[in-house]
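*Asks:* Below you will find the structure I want to go over with you.
Protein chains in written order, with this note's numbering: chain A, 74 to 379; chain B, 77 to 237.
Here is the structure:
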């Protein structure tokens, strides 16, 4: 499989959400934003996104509903919709997840069910063969390179045949797809599945890295919830530091989806992330983060999720 | 030669089809346990399945609250969350979130679950304004008349059960 080594340099970014659109526009040093593909309509892009585009900020659509890890081939209409968003946003790259999001229907002789969120694919030969074919179908339908993200899992499939690193390495080898590595999800799989992020990072083909996600979460009863509603914590920054010691990521993006803090707090998190990538390590960078955390309000999400 | 190539190609397709079928059954089994109240498939940690199931319901309620922000206002945040958990248990989402919000409201009305007459009235109006084939007319009097004459959602709710 040919792999063009044209990494798209992205820089520092943040997940664009309508709730923090004004704040993002006011933040200095934002090179790019990511927008949930299903939440924008090509003919009616939000004014805030258009203003960001006009001043040269790259916008990358991030799909959540293709379900490329599912048993069915990706639906042509979903691929067309994603391609339309790529064109409307002038994006150099499009991203999705290694996950399944629906199942059932005729083949399984059960009713069709939507998960409403990303569920893990079993790391088996069967799942890898199906995923590779689905990815190739998607690549053929999309006008720009596709990168896929490792997800955070709460459940483990029994009888898996490969580690996450091996699974992703073979996926890249067979399809030429790029990787969006979420360091919070590596941390999640460390807590929830006992998988060492360092081992995963050693096995990953980091030359295929498109960019990195960083997000906050919370641990409850020994289970890590990748909530995107809490501040970024030190263990996640430590995984980022481990990744950064192996390669300089072309881009890094902070995700926050709920319980939005004042935008200054997000700016602080971005500065911390920048310091980690600059070689400060998680400890040095997190000292600043800790003092900001103390000043931050108590997340109401912690109550709601509890 | 041509025959040999065709055989190889069709064998490759067949192998993916078989893998798709096995994967589809496994994924449907897991998803049914998570969202449709089916028993846990063999080999899965039941406690973790419960955690994942609750996380999916919470996420689903989050999105429903985003597409229908009136619902948590009418029912109260806590009331909305607890009624939604009851509704979602064993009822997988099959269509979009707007459909889900309507089905949820219809379910609450049919089950008489709000316990509060004013909330029930508001919820009924909210449901009628969005679910009927005839739009609710403009003007206070015509609107009230329309809502009085309109049939409640009980017929539809029993259809979704």
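We treat Cβ as the ideally placed atom computed from N, Cα and C, and that holds for glycine. Model, not experiment: these values are computed from the prediction.
What residue range is occupied by the uninterrupted beta strand (DSSP E) comprising residue 333 of chain A?
*Replies:* Segment: none, residue 333 of chain A is in no beta strand (DSSP E) and carries neither H nor E.
*Asks:* With H, G and I counted as helix, E and B as strand and the rest as coil, what does DSSP make of residue 120 of chain B?
*Replies:* coil
*Asks:* Helix, strand or coil for residue 301 of chain A, going by three-state DSSP, please let me know.
*Replies:* coil
*Asks:* Run down chain B in chain order and give the residues with a C-beta less than 9 Å from the C-beta of residue 258 of chain A.
*Replies:* By Cβ distance, chain B contributes nothing, its closest Cβ being about 14 Å from residue 258 of chain A, past 9 Å.
*Asks:* Between residue 136 of chain A and residue 168 of chain A, is the Cβ-Cβ spacing less than 8 Å?
*Replies:* yes
*Asks:* Quick one: residues in its chain with C-beta nearer than 7 Å to the C-beta of residue 297 of chain A, no 5 flanking neighbours on either side, listed in chain order?
*Replies:* 260, 261, 264, 265 and 290
*Asks:* Run through chain E and tell me which residues come within less than 7 Å of residue 127 of chain B, C-beta to C-beta.
*Replies:* The structure shown contains no chain E; its protein chains are A and B.
*Asks:* Cα separation between residue 330 of chain A and residue 301 of chain A?
*Replies:* 5 Å
*Asks:* So, for residue 83 of chain A: in the same chain, excluding its five sequence neighbours on each side, which residues have a beta-carbon less than 7 Å away from its beta-carbon?
*Replies:* 104, 105, 131, 284, 323 and 324
*Asks:* Taking 8 Å as the threshold (C-beta atoms), are residue 195 of chain B and residue 150 of chain B in contact?
*Replies:* yes
*Asks:* Give me the Cβ distance between residue 245 of chain A and residue 278 of chain A, rounded to the nearest whole Å; I'm assuming they're in contact under 8 Å.
*Replies:* 5 Å
*Asks:* Got a sec? Which residues, its chain only, sit under 7 Å from residue 374 of chain A by beta carbon, not counting five neighbours each side?
*Replies:* Confidence at residue 374 of chain A is low in this model, with a pLDDT of 32, below 50, so the placement of that residue is unreliable and no value is reported for it.
*Asks:* Would you mind stating whether residue 129 of chain B and residue 107 of chain B have Cβ atoms separated by less than 8 Å?
*Replies:* no
*Asks:* Which residue's Cα is closest to the Cα of residue 87 of chain A: A:334, A:119 and A:327?
*Replies:* A:327
*Asks:* Going along the stretch 140–151 of chain B in order, which residues come within less than 8 Å of chain A, judged by CB to CB distance?
*Replies:* none
*Asks:* Let me know the secondary structure DSSP gives residue 164 of chain A once reduced to three states.
*Replies:* In this structure, residue 164 of chain A counts as coil in the three-state DSSP scheme.
*Asks:* If you check the beta carbons only, do residue 234 of chain A and residue 198 of chain A fall under 8 Å apart?
*Replies:* Yes; because the gap between Cβ atoms is below 8 Å, this pair is in contact.
*Asks:* Does the beta-carbon of residue 154 of chain B have 16 or more other beta-carbons within 10 angstroms, so that it is buried, or is it exposed?
*Replies:* exposed
*Asks:* If you draw a straight line from the alpha carbon of residue 184 of chain B to that of residue 232 of chain A, how long is it in whole angstroms?
*Replies:* CA-to-CA, the gap between residue 184 of chain B and residue 232 of chain A works out to about 41 Å.
*Asks:* For residue 338 of chain A and residue 95 of chain A, I'd like the C-alpha separation in whole angstroms.
*Replies:* 14 Å
*Asks:* Take residue 173 of chain A and list the residues in its own chain whose beta-carbon comes closer than 7 Å to its own, dropping the five residues that flank it on each side.
*Replies:* 140, 142, 143, 192 and 194.
*Asks:* Would you identify the three-state DSSP class for residue 254 of chain A, choosing helix, strand or coil?
*Replies:* strand
*Asks:* Please confirm if residue 115 of chain B has its CB atom under 8 Å from at least one CB of chain A.
*Replies:* no
*Asks:* Would the beta-carbon of residue 281 of chain A fall within 8 Å of that of residue 251 of chain A?
*Replies:* yes
*Asks:* Run the CB neighbour count on residue 148 of chain A, radius 10 Å, all protein chains shown included, and call it buried at 16 or more, exposed below.
*Replies:* Counting Cβ neighbours within 10 Å, residue 148 of chain A comes out exposed, since fewer than 16 surround it.
*Asks:* For residue 206 of chain B, which option in B:193, B:175, B:190 and B:101 has the closest C-alpha, if you only look at C-alpha atoms?
*Replies:* Answer by Cα proximity: B:175.
*Asks:* Got a sec? Which residues, its chain only, sit under 7 Å from residue 372 of chain A by beta carbon, not counting five neighbours each side?
*Replies:* Residue confidence for residue 372 of chain A is low, a pLDDT of 35 falling below 50, so the modelled location carries little weight and cannot support an answer.
*Asks:* Please state whether DSSP places residue 185 of chain A in a helix, a strand or coil.
*Replies:* Strand at residue 185 of chain A.
*Asks:* Under three-state DSSP, which class holds residue 95 of chain B?
*Replies:* helix
*Asks:* Is it buried or exposed for residue 190 of chain B, if we count other Cβ within 10 angstroms and need 16 for buried?
*Replies:* For residue 190 of chain B, the number of other beta carbons within 10 angstroms of its own is at least 16, and it is reported as buried.
*Asks:* Give the list of continuous beta strand (DSSP E) stretches no shorter than 3 residues that lie fully inside the stretch 263–307 of chain A.
*Replies:* 282–288, 291–293 and 296–298
*Asks:* Specify, as a first and last residue, the run of the beta strand (DSSP E) that residue 159 of chain B falls within.
*Replies:* It is not in any beta strand (DSSP E) - residue 159 of chain B instead sits in the alpha helix (DSSP H) that spans 153–164.
*Asks:* When the Cβ atoms of the stretch 205–220 of chain A are set against those of the stretch 197–205 of chain B, are three or more pairs found closer than 8 Å?
*Replies:* no
*Asks:* Going along the chain, which residues of its own chain have a beta-carbon closer than 6 Å to the beta-carbon of residue 178 of chain A, five neighbours each way excluded?
*Replies:* 185
*Asks:* Quick one: what does DSSP say residue 132 of chain A is sitting in, helix, strand or coil?
*Replies:* strand
*Asks:* Under a Cβ-count criterion, where at least 16 other Cβ atoms within 10 Å of its own Cβ denotes burial, should residue 138 of chain A be classed as buried or exposed?
*Replies:* buried
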